[in-house]
Amino acid sequence: MERPILFSGPMVRAILRGQKTQTRRVIKGPAEGYNAHGINTLFRCPYGKPGDILWVRETWAEVGSFDPGITVYRADYPDCIPGQFENVPESIEEMGNVWKPSIHMHRHRCRLLLEIVSVRAERLHDLSQEDAKAEGLSRLSKDGGATYKYGIPDRDGLPGNDNDGWHWHEWEVDPRKAFKLLWAKINGVKNWYANPWVWVVEFKRVTADE
669 MERPILFSGP MVRAILRGQK TQTRRVIKGP AEGYNAHGIN TLFRCPYGKP GDILWVRETW
729 AEVGSFDPGI TVYRADYPDC IPGQFENVPE SIEEMGNVWK PSIHMHRHRC RLLLEIVSVR
789 AERLHDLSQE DAKAEGLSRL SKDGGATYKY GIPDRDGLPG NDNDGWHWHE WEVDPRKAFK
849 LLWAKINGVK NWYANPWVWV VEFKRVTADE
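For the sequence shown, my numbering gives the first residue as 669, with consecutive numbering after it.
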């Protein structure tokens, strides 16, 4: 079975780099779905089960002097433009307001397919350091390898917020602290401290032929 799933630009790039193999999503449901021991076993993950396919919705646009135009993706624009196409803006700035929200992406525009490997429910704070790394954090050093820090880079793969990355001072030596910041930026600081139950969906990238 296939289902859509939304990812931001930084997370799409992390998937493309092979750095993101997990995603955590807050469990939404009525109060009676919870009990003293955790999640009621009747709860079903809305993202699917192992073996199911998730097709990624991301910010996109249709451009070019063709009908229909080509699909380009904001996460790695303009590197996603096929070399043989002309009359396509060379920068994100030139694209203006043509970008379309990820929620409006149709299946045939999708370029990323993910096969679910495992699904589990746990408290947000229960993630390990390896789990945090698998959420798409990059690992970089600025002192020749003496110290490594984790964070979200700009489109060029380096620290900075010219696009949607983080300044170096926001990067953390502890990947769990870096994930805390990532979660807070997306869901809010209060949500992090609420320590909600989350679906942990582990996945691998696949092609349409697999």
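Just so you know, even glycine gets a beta-carbon here, dropped at the ideal spot from N, CA and C. It should be emphasised that the depicted structure is a prediction, and the values quoted were computed from it without experimental measurement.
Under 9 Å, do residue 745 and residue 763 count as touching if we go by C-beta distance?
Reading the sequence shown from its first residue, position 77 is the one you call residue 745. Reading the sequence shown from its first residue, position 95 is the one you call residue 763. Yes; because the gap between Cβ atoms is below 9 Å, this pair is in contact.
Residues near residue 839 in its chain [Cβ-Cβ closer than 8 Å; skip 5 each side]:
Position 171 of the sequence shown, counted from the first residue, corresponds to residue 839. In its chain, beyond the 5 residues on either side, 808, 817, 818, 819, 827, 846 have a beta carbon closer than 8 Å to the beta carbon of residue 839.
Using a Cβ-Cβ cut-off of 8 Å (strictly less than) and excluding sequence neighbours within five positions of residue 825, which residues of its own chain qualify?
Numbered from 1 along the sequence shown, position 157 holds the residue referred to as residue 825. These residues qualify, in order along the chain: 806.
With residue 723 and residue 783 assumed to form a contact (beta carbons below 8 Å), what rounded beta-carbon distance in angstroms separates them?
Residue numbering aside, residue 723 sits at position 55 when the sequence shown is read from its first letter. Residue numbering aside, residue 783 sits at position 115 when the sequence shown is read from its first letter. For residue 723 against residue 783, the beta-carbon gap comes to about 11 Å, at or over 8 Å, which does not count as contact.
Residue 769: buried (16+ other C-beta within 10 angstroms of its C-beta) or exposed?
Position 101 of the sequence shown, counted from the start, is the residue given in the question as residue 769. With fewer than 16 Cβ atoms within 10 Å of its Cβ, residue 769 is classed as exposed.
Simplified DSSP assignment, three categories, for residue 721
The count along the sequence shown starts at 1 and reaches residue 721 at position 53. Note: residue 721 maps to strand in three-state DSSP.
Burial state of residue 796 (16 or more Cβ within 10 Å):
Here residue 796 corresponds to residue number 128 of the sequence shown, with the count starting at 1. By the neighbour-count rule (16 or more Cβ atoms within 10 Å), residue 796 is not buried but exposed.
Please list the terminal residues of the continuous alpha helix (DSSP H) segment that includes residue 852.
Against the sequence shown, residue 852 aligns to sequence position 184. Counting along the chain, the alpha helix (DSSP H) containing residue 852 begins and ends at 843 to 855.
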